[in-house]
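K.L.:
Have a look at this one before I ask anything.
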Amino acid sequence: MSLLEVKALSKHFGGIRAIEEITFNTRSGIILSIIGPNGAGKTTLFNCLTGFLRPTKGSVVFSEKEISYLSADKINLLGISRTFQNIRLFKEMTVIENVMVAQHSKIRSGFLSAVIRSSNFKEEERIAKERSFEYLELLGIEAYAEKISGSLPYGAQRKLEIARALATEATLILLDEPTAGMNPQETDEMMARIKNLRELGKTIILIEHDMKVVMGISDRIIVLDHGVKIAEGVPYDIKNNPMVIEAYLGRETH
Amino acid sequence: MFLQQLINGLTLGSVYALIALGYTMVYGILELINFAHGEIYMLGAYLGIILLGFFTAIGLTSQSLSLSIILTLILTIIFCSSYGFTIEKIAYKPLRRSPRLSPLISAIGVSIFLQNYVMLTQGATDKVFSSIFGNAGFDFLSTRITYLQLAIILVSAVIMLLLHAFILKTKTGKAMRAVAQDKTMASLLGINIDTVISATFIIGSGLAAIAGVMVAMYYGLVNYYIGYTAGIKAFTAAVLGGIGSVPGAMLGGVILGLAESLGASYILREYIEYKDAFAFIILITILLAKPEGLLGKTSEEKI
Numbered sequence: 004m005s006l007l008e009v010k011a012l013s014k015h016f017g018g019i020r021a022i023e024e025i026t027f028n029t030r031s032g033i034i035l036s037i038i039g040p041n042g043a044g045k046t047t048l049f050n051c052l053t054g055f056l057r058p059t060k061g062s063v064v065f066s067e068k069e070i071s072y073l074s075a076d077k078i079n080l081l082g083i084s085r086t087f088q089n090i091r092l093f094k095e096m097t098v099i100e101n102v103m104v105a106q107h108s109k110i111r112s113g114f115l116s117a118v119i120r121s122s123n124f125k126e127e128e129r130i131a132k133e134r135s136f137e138y139l140e141l142l143g144i145e146a147y148a149e150k151i152s153g154s155l156p157y158g159a160q161r162k163l164e165i166a167r168a169l170a171t172e173a174t175l176i177l178l179d180e181p182t183a184g185m186n187p188q189e190t191d192e193m194m195a196r197i198k199n200l201r202e203l204g205k206t207i208i209l210i211e212h213d214m215k216v217v218m219g220i221s222d223r224i225i226v227l228d229h230g231v232k233i234a235e236g237v238p239y240d241i242k243n244n245p246m247v248i249e250a251y252l253g254r255e256t257h
Numbered sequence: 002m003f004l005q006q007l008i009n010g011l012t013l014g015s016v017y018a019l020i021a022l023g024y025t026m027v028y029g030i031l032e033l034i035n036f037a038h039g040e041i042y043m044l045g046a047y048l049g050i051i052l053l054g055f056f057t058a059i060g061l062t063s064q065s066l067s068l069s070i071i072l073t074l075i076l077t078i079i080f081c082s083s084y085g086f087t088i089e090k091i092a093y094k095p096l097r098r099s100p101r102l103s104p105l106i107s108a109i110g111v112s113i114f115l116q117n118y119v120m121l122t123q124g125a126t127d128k129v130f131s132s133i134f135g136n137a138g139f140d141f142l143s144t145r146i147t148y149l150q151l152a153i154i155l156v157s158a159v160i161m162l163l164l165h166a167f168i169l170k171t172k173t174g175k176a177m178r179a180v181a182q183d184k185t186m187a188s189l190l191g192i193n194i195d196t197v198i199s200a201t202f203i204i205g206s207g208l209a210a211i212a213g214v215m216v217a218m219y220y221g222l223v224n225y226y227i228g229y230t231a232g233i234k235a236f237t238a239a240v241l242g243g244i245g246s247v248p249g250a251m252l253g254g255v256i257l258g259l260a261e262s263l264g265a266s267y268i269l270r271e272y273i274e275y276k277d278a279f280a281f282i283i284l285i286t287i288l289l290a291k292p293e294g295l296l297g298k299t300s301e302e303k304i
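Okay, here's the thing in C-alpha cells:
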C-alpha cells in the first residue's frame, strides 16, 4: 500500500512549467531521494506536496486522502512535515521553544487554563517540553536546548530544523538538502541520523546533490530534469541509466 | 508636586501602554498599523460609561461597586473583542495578499467609519458621567492619591504581567511569536495562521477595552474623537518602545505618560496647551538617537 501517491502533478508559473505531469508512489518506511540538475523542479515538487504552493493540475493522495487543495497547516496535521534548503528557524526563540511550537497542535489546553495555570496546563506543558527534549536528543543537540536558536552553529541549526519537523509527529518527512554546506564528517553523521529515522518507521523524501549520500542511503531514487521525471529506480539502476548521465553531464557531441 | 505628577503620569502611562500593546501586537504579526485600534478604545470608553450609568440607574453600583465594575469590564471586553475580531475579518483579511498600503488605507477607513458611526448614534457632544468614585483616596506625603488612580496603575501592571507570561509560556503565545517571525514556516508546522491572527486582534481589543473603561471612570467624560488622540499617543508609545516589541510598548507607554505630566508641569508650565507636542518632541529625540525604538530590534530585510 502506498503512503503517498502523486499523479500527473504539474505546477506552472505563467508560461514556465516548473514541474510537469509528475507521477510516483512511495510506500511507508523507506528513504526516497529526488535528484536532478539545478532548476529541475525538486523544490517546487516539495512546495506542492506541503501546501506551500497550490499545484496547477494533478493529485496528491496521502494516506488515502486527497491533499492537493489543502492549506499547509492542514497538510501538516495529516502527517507531512519538511525542512528548507535555506534554514528557516524561529531565530529569536530558544531551541526547545522552536520544537515546542511544532508540538503546538498536540497540546490541548486553551487560553483560560493557561491564564489560571491549572494543573492540566502545567502537565501538558511538561509533557510537550519532555517530548521536545526527546527530539533534540534524537538529533544529538539537547545540549543547546535553552540557547537562542539563531546563535547555534550551522550544523546544529540544520539538525534543529529536522528535530522540529519530527516534533509535528509527521510520518512523512521531506528533507531539502540536509547536508548542504557540511563537511564530509558532518555529512556522514547526518546520513546516520537520517537512516536512524527510517529505523523509527518514518518515511523520508530527500532532495540531495551529494551523489555519495544519495547512493548510500536511498531505497529508491527519482530523477527530475526540466520539470519532468526522467527515471525512477533503485540506486544501482539510476547510476547506470544513460538518460540520467546525459541529464547531468550533457549529451555527447558527435 | 513631583509625586503628584508622578502618579498622574503613571496613570496616564498605564492607559497608553494598554492601548499601545494592541498596536504593537498587530504590527508584530501583520506589519500593519491598525489605525482603527484607537476607535476600539473609544468604543470601550463609551460602553463603559453607558454600562456604569445603567448599573447606577438600577442601583447596582450603590449595592456592590466592585461587582458593577467587574461586570462592566467583562461586557466591554467581550464587546470590543468582537469588534476587533470582525474588523480584521472584514477589512484586513481580504487584503492580506495586497500591497502593504491597501490594508493601511482600509484601517484608516474603518477608523473614520467608527468615529462617524458613534457620532451619529451617540451625538457629537461630550457624554458626561458624574463620577461615582469622587475623590476617594488617601494622602501620602501631602499628595492626594485616589483609589481609582491606584487601581488603574495596579490593574494595568497585573494585566501586562499576565500578557507577558501568556506570550512566553502558553502554546498560543509561542504560536504568536512563531507567526510573527515566519508565517509560512509556522503554518508548515501545523499552526493555523488565521486563528493566531484572530487571537491577536481579540487580545489587543480586549486590552483597549480595559483602557477605555478605566479612562471613562477616571475622567467621567467621553466623546467620539477620544480614540484619535489616544490612538496617536499610544501609537507613539509603541514606536518609542520599538514597534513589534511587547515589553517596548509597555515601557513606551509609561515613559510617554510620565513625560507628558512631568514635562507639562515642570517645563511647559503656563504653555500647557503644548502638552501633546511635548510627547512628540520626546518621540523625535529618541528616534533620532535610536531609530528602531528603545527595545526594538534592527530588522534585517528578508531576501
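For the record, the sequence lines run as chains A and B.
In the numbering used here, each residue's number is its place in the first sequence (first place is 1) plus 3.
In the numbering used here, each residue's number is its place in the second sequence (first place is 1) plus 1.
Don't be surprised by glycine CBs; every beta carbon is placed ideally from N, CA and C.
(1) Take Leu81 of chain A as the anchor and find which of A:Glu202, A:Phe87, A:Phe49, A:Ile70 has the nearest alpha-carbon.
(2) Please classify Arg57 of chain A: does DSSP put it in a helix, a strand, or coil?
(3) List, in chain order, every chain A residue whose beta-carbon is nearer than 7 Å to that of Leu61 of chain B.
(4) What runs of the alpha helix (DSSP H), each 4 residues or longer, lie entirely inside the stretch 94-172 of chain B?
(5) Specify the secondary structure class of Arg129 of chain A as computed by DSSP and reduced to three states.
(6) Where does Tyr47 of chain B land, buried or exposed, given buried means 16+ other C-beta within 10 angstroms?
(7) Span of the alpha helix (DSSP H) holding Gly232 of chain B?
(8) Quick check on DSSP: helix, strand or coil for Ser188 of chain B?
(9) Could you tell me which chain A residues have their CB closer than 7 Å to the CB of Met186 of chain B, listed as they occur along the chain?
(10) Identify every run of the alpha helix (DSSP H) within the stretch 18-77 of chain B, keeping only runs that are complete inside it and at least 4 residues long; order them along the chain.
(11) Start and end of the beta strand (DSSP E) containing Lys94 of chain A?
(12) Does Ala21 of chain A have its Cβ less than 8 Å from a Cβ in chain B?
(13) Just the chain B side, please: which residues come within less than 7 Å of Thr171 of chain A by C-beta, in chain order?
(14) Anything in chain B within Cβ reach of Leu2 of chain A, meaning under 7 Å, just list it in chain order.
(15) With hydrogens ignored, establish whether the beta-carbon of Arg30 of chain A is closer than 7 Å to any heavy atom of the ligand GTP.
(16) Against Phe55 of chain A, what residues of chain B qualify as contacts under a CB-to-CB distance less than 9 Å, listed in chain order?
(17) Just the Cα atoms here: how many angstroms apart are Gly54 of chain A and Glu23 of chain A?
(18) Taking just the CA atoms, how far does Thr171 of chain B sit from Ser112 of chain A?
(19) May I ask you to list, following chain order, the residues of the stretch 44-75 of chain A that have a beta carbon less than 9 Å from some beta carbon of chain B?
(20) If contacts are defined as beta-carbon pairs under 8 Å, then Pro58 of chain A and Lys14 of chain A qualify, I think. What distance do you get, rounded to the angstrom?
(21) With respect to the beta strand (DSSP E) encompassing Asn28 of chain A, which residues constitute its N-terminal and C-terminal limits?
(22) For a contact defined as C-beta to C-beta under 8 Å, what are the partners of Asp94 of chain A on chain B?
(23) Would you tell me roughly how many angstroms separate the C-alpha atoms of Lys215 of chain A and Met194 of chain A, rounded to the nearest one?
(24) Taking 8 Å as the threshold (beta carbon to beta carbon), is His15 of chain A in contact with chain B?
(25) Whose Cβ in chain A lies nearer than 9 Å to the Cβ of Lys90 of chain B?
(26) Taking Arg178 of chain B as the query, report the chain A residues whose CB atoms sit under 9 Å from its CB, ordered along the chain.
(27) In whole angstroms, what separates the C-alpha of Ile198 of chain B from that of Leu163 of chain A?
(28) Mind checking if Arg85 of chain A is an interface residue toward chain B, Cβ cutoff 8 Å exclusive?
(29) Could you tell me the alpha carbon to alpha carbon distance between Glu172 of chain A and Gly39 of chain A, rounded to whole angstroms?
(30) CA-CA distance, Ala166 of chain A and Gly10 of chain B?
P.N.:
In this structure, then:
(1) The count along the first sequence starts at 1 and reaches residue 81 of chain A at position 78. Closest option to Leu81 of chain A, Cα to Cα, is A:Ile70.
(2) The sequence position of residue 57 of chain A within the first sequence is 54, counting from 1. Arg57 of chain A falls in the coil class under three-state DSSP.
(3) Mapped onto the second sequence, residue 61 of chain B falls at position 60. Within chain A, no C-beta atom comes nearer than 7 Å to that of Leu61 of chain B; the closest sits roughly 26 Å away.
(4) 102-123, 148-170
(5) Numbered from its first residue, the first sequence carries residue 129 of chain A at position 126. Residue state, collapsed to three classes: helix.
(6) Looking up residue 47 of chain B in the second sequence gives position 46. Per the 10 Å Cβ criterion, buried.
(7) Looking up residue 232 of chain B in the second sequence gives position 231. First-last of the alpha helix (DSSP H) with Gly232 of chain B: 227-242.
(8) For the purposes of this step, residue 188 of chain B is taken as the residue at position 187 of the second sequence. Ser188 of chain B falls in the helix class under three-state DSSP.
(9) Here residue 186 of chain B is taken as the residue at index 185 of the second sequence, counted from 1. Neighbours of Met186 of chain B in chain A, taken as residues whose beta carbon is under 7 Å from its own, are Arg91 in chain order.
(10) List check, alpha helix (DSSP H) in window: 38-58, 61-64.
(11) Within the first sequence, the letter at position 91 stands for residue 94 of chain A. Taken as a continuous stretch (DSSP letters only), Lys94 of chain A belongs to no beta strand (DSSP E), as it is neither H nor E.
(12) For the purposes of this step, residue 21 of chain A is taken as residue 18 along the first sequence, with counting starting at 1. By the rule that beta-carbons nearer than 8 Å mark a contact, Ala21 of chain A does not touch chain B.
(13) Position 168 of the first sequence, counting from 1, holds the residue named residue 171 of chain A. Result: Leu190, Gly191.
(14) For residue 2 of chain A there is no data in the structure shown, the boundaries of chain A being 4 and 257.
(15) In the structure shown, the ligand GTP is absent, as is every other ligand, since no ligand is present at all.
(16) In the first sequence, residue 55 of chain A corresponds to position 52, counting from 1. Taking a Cβ-Cβ cut-off of 9 Å, the neighbours of Phe55 of chain A in chain B comprise Thr185, Ser188, Leu189, given in sequence order.
(17) On the first sequence, position 51 is the one that residue 54 of chain A refers to. On the first sequence, position 20 is the one that residue 23 of chain A refers to. Approximately 17 Å, taken between the alpha carbons.
(18) Position 109 of the first sequence holds residue 112 of chain A. Position 170 of the second sequence holds residue 171 of chain B. Here Ser112 of chain A scores only 49 on pLDDT, less than 50, and its place in the model is too uncertain to base an answer on.
(19) Residues passing the 9 Å Cβ filter: Thr53, Gly54, Phe55, Ser74, Ala75.
(20) In the first sequence, the residue the question calls residue 58 of chain A occupies position 55. In the first sequence, the residue the question calls residue 14 of chain A occupies position 11. With a Cβ gap of about 5 Å, Pro58 of chain A and Lys14 of chain A count as contacting.
(21) Here residue 28 of chain A corresponds to residue number 25 of the first sequence, with the count starting at 1. Its beta strand (DSSP E) spans residues 19-30.
(22) Here residue 94 of chain A is taken as the residue at index 91 of the first sequence, counted from 1. First, the residue type needs correcting, since residue 94 of chain A is Lys and not Asp in the sequence shown. Within 8 Å Cβ-Cβ: Gln182.
(23) In the first sequence, the residue the question calls residue 215 of chain A occupies position 212. In the first sequence, the residue the question calls residue 194 of chain A occupies position 191. Rounded to the nearest angstrom, the two C-alpha atoms are 10 Å apart.
(24) Counting from 1 along the first sequence, the entry for residue 15 of chain A is found at position 12. Answer no: the Cβ-Cβ gap between His15 of chain A and chain B never drops below 8 Å.
(25) Looking up residue 90 of chain B in the second sequence gives position 89. By Cβ distance, chain A contributes nothing, its closest Cβ being about 17 Å from Lys90 of chain B, past 9 Å.
(26) Residue numbering aside, residue 178 of chain B sits at position 177 when the second sequence is read from its first letter. Here the neighbours are Phe93, Glu95, Met96, Glu100, Val104.
(27) Taking the second sequence and counting its residues from 1, the one referred to as residue 198 of chain B is at position 197. Taking the first sequence and counting its residues from 1, the one referred to as residue 163 of chain A is at position 160. Cα to Cα, the separation comes out at about 26 Å.
(28) For this step, residue 85 of chain A is matched to residue 82 along the first sequence. Closer than 8 Å to some Cβ of chain B, the Cβ of Arg85 of chain A qualifies, so yes.
(29) For this step, residue 172 of chain A is matched to residue 169 along the first sequence. For this step, residue 39 of chain A is matched to residue 36 along the first sequence. Looking at the two C-alpha atoms, the distance is approximately 29 Å.
(30) Counting from 1 along the first sequence, the entry for residue 166 of chain A is found at position 163. Counting from 1 along the second sequence, the entry for residue 10 of chain B is found at position 9. One C-alpha to the other measures close to 48 Å.
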